[in-house]
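> Straight run, no breaks: the sequence shown in the working numbering ends on number 356.
A virtual CB, placed ideally from N, CA and C, is assigned to each residue, including glycine.
Before I ask anything, here is the structure I am working with.
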Amino acid sequence: MLDKLEAIEIKFKEIEDQLSAPDVISDMKRFAALNRQYKEIKGLVEKTQEYKLVLNHYDEAHHLLNTEKDDDIKEMAKAELETLEEKRNNLEDEIRYLLIPADPEDSKNAIFEIRAGTGGDEASIFAGDLYRMYTRYCEARGWKLELVDYSAGSTGGYKEIIFNILGEGSYGILKYESGVHRVQRVPLTETQGRVHTSAATVAVLPEADEFDVEVKEADIRKDYFCSSGPGGQSVNTTYSAVRLTHIPTGIVVQCQDEKSQIKNYAKALGVLRSRIYEVELQKRQDEIAKKRKTMVSSGDRSAKIRTYNYAQSRVTDHRIGLSTFNLPGFMDGDIQSFIDALQLAENAEKLKEAIV
Numbered sequence: 001m002l003d004k005l006e007a008i009e010i011k012f013k014e015i016e017d018q019l020s021a022p023d024v025i026s027d028m029k030r031f032a033a034l035n036r037q038y039k040e041i042k043g044l045v046e047k048t049q050e051y052k053l054v055l056n057h058y059d060e061a062h063h064l065l066n067t068e069k070d071d072d073i074k075e076m077a078k079a080e081l082e083t084l085e086e087k088r089n090n091l092e093d094e095i096r097y098l099l100i101p102a103d104p105e106d107s108k109n110a111i112f113e114i115r116a117g118t119g120g121d122e123a124s125i126f127a128g129d130l131y132r133m134y135t136r137y138c139e140a141r142g143w144k145l146e147l148v149d150y151s152a153g154s155t156g157g158y159k160e161i162i163f164n165i166l167g168e169g170s171y172g173i174l175k176y177e178s179g180v181h182r183v184q185r186v187p188l189t190e191t192q193g194r195v196h197t198s199a200a201t202v203a204v205l206p207e208a209d210e211f212d213v214e215v216k217e218a219d220i221r222k223d224y225f226c227s228s229g230p231g232g233q234s235v236n237t238t239y240s241a242v243r244l245t246h247i248p249t250g251i252v253v254q255c256q257d258e259k260s261q262i263k264n265y266a267k268a269l270g271v272l273r274s275r276i277y278e279v280e281l282q283k284r285q286d287e288i289a290k291k292r293k294t295m296v297s298s299g300d301r302s303a304k305i306r307t308y309n310y311a312q313s314r315v316t317d318h319r320i321g322l323s324t325f326n327l328p329g330f331m332d333g334d335i336q337s338f339i340d341a342l343q344l345a346e347n348a349e350k351l352k353e354a355i356v
């Protein structure tokens, strides 16, 4: 393992030198790619340096134990060896996980798309509940949430809502939320107290920048219109809302959240770029999913990943069989324990593959 770590340290130093080279600084695409690599392996290099220091201290303590004649000093060296051995083992475990190839998308911002599924008005209300849940989670983490577009439900919630989450690594943390979320509860409109099952689909995309995918202006059809609110009424008399159609793929994106046409165009272009990028990303994720037994991060939108049972105050994640009986807290944004468990399950899976 030490040989591999030393090779990574050499690579890290090479990247560090390249980042200060004039020809790299002038090439923004290359600079961005190298900077991303630098950030990805920086933590591993720091752990490696700590690990090597522990190994040196371990060798010194071992030498002292074998050569020293004073019993008190030998006892101190023995105690030091035990402490260093535990520290060495812990660092080796940490390094093994850090050696797992990182998903290059993980460091990016996230684009969320929540859509009401089966269940009519209740599905729209549930989509609104999920939006509130993610809003609370982002607030707790200090991340900025930026609304892109939405279509309101007739009795509350949303038929569809699209928003950006601006926070370093937000995609890597929230990508596990992609899939079908199912709710079991008595709707407000239900007069006989019967439990209904409804669903909403969540899609989490990595925010693609101009260096990830090139979108040619000539391939985009632009339409401008007045933004609208619930019921379709016009809420802005200027043509500030933007609809972009990518002609080669047929992907359509619109944004009406801002009063400025320029700002709406920029947001819509960001989502369009990410959806085009997602097509290639999905192919890669499908290949990864075929090799694994679980669907922790396959990104399969048709997979039922979680059930929210209000009668039992229970939330169950079906991918890892994890449940909590604190549904109110979960819906208030307390979802970190599930994200941690999903990350742990995926890392364990990757580690198993690396060992094999």
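Take Glu146 and list the residues in its own chain whose beta-carbon comes closer than 7 Å to its own, dropping the five residues that flank it on each side.
Phe163, Asn164 and Leu166
> Would you say Ser26 lies against chain C (beta-carbon separation less than 9 Å)?
Of the protein chains in this structure there is only one, and it is not chain C.
> Buried or exposed: Val204, going by 16 or more other Cβ atoms within 10 Å of its Cβ?
Classification for Val204: buried.
> Helix, strand or coil, according to DSSP, for Lys29 in the structure here?
DSSP places Lys29 within a helical segment (H, G or I) once states are collapsed to three.
> Residues in its own chain within less than 7 Å of Tyr137 by CB, not counting five upstream and five downstream?
Gly333 and Ile335
> If you drop the 5 nearest sequence neighbours on each side, which residues of the same chain put their C-beta closer than 6 Å to that of Val252?
Thr245
> For Ala127, which residues of its own chain have a beta-carbon under 6 Å away from its beta-carbon, when the five flanking residues on both sides are left out?
Hits under 6 Å: Ile114, Ala116, Gly157, Tyr158 and Ala200.
> Express the C-alpha separation of Leu44 and Glu214 in angstroms, rounding to a whole number.
Their backbone Cα atoms lie some 32 Å apart in a straight line.
> How many angstroms separate the CA atom of Lys304 from the CA atom of Asp23?
49 Å
> Looking at the strands, I want to know which residues DSSP matches up with Phe163.
For Phe163, the pairing in a beta bridge is given by DSSP as Phe112 and Leu147.
> For Gln233, count neighbouring C-beta atoms within 10 Å of its own C-beta (all shown protein chains included) and say buried if the count is 16 or more, exposed if not.
Note that Gln233 scores 48 on pLDDT, short of 50, meaning its location in the model is unreliable and no value can be drawn from it.
> Quick one: give me the first and last residue of the beta strand (DSSP E) that Gly179 is part of.
Gly179 to Arg185
> In chain order, what residues of the same chain lie with their CB nearer than 8 Å to the CB of Lys11, ignoring the 5 residues before and after it?
Ile41
> Please list, in chain order, all residues of the same chain as Arg275 whose beta carbon is under 6 Å from its beta carbon, the five residues on each side excluded.
Within the same chain, Cβ atoms closer than 6 Å to the Cβ of Arg275 are found at Ile251, the five residues on either side in sequence being excluded.
> For the 8 Å Cβ check, are there 3 or more pairs between the segment 87 to 101 and the segment 44 to 59?
yes
> Using three-state DSSP, classify Lys293 as helix, strand or coil.
Reliability fails at Lys293, whose pLDDT of 45 lies under 50, so the model's placement of it is uncertain and the value that follows must be treated cautiously. Three-state result, Lys293: coil.
> In terms of residue numbering, what span does the beta strand (DSSP E) encompassing Ile220 cover?
Ile220 to Phe225
> How many Å lie between Glu6 and Val148 at the Cα?
45 Å
> Rounding to the nearest angstrom, what Cα-Cα distance links Met76 and Leu65 in this structure?
9 Å
> Mind checking whether Gln184 and Asn309 have CB atoms under 9 Å apart?
yes
> Give the secondary structure of Arg319 by DSSP, where H, G and I count as helix, E and B as strand, and everything else as coil.
coil
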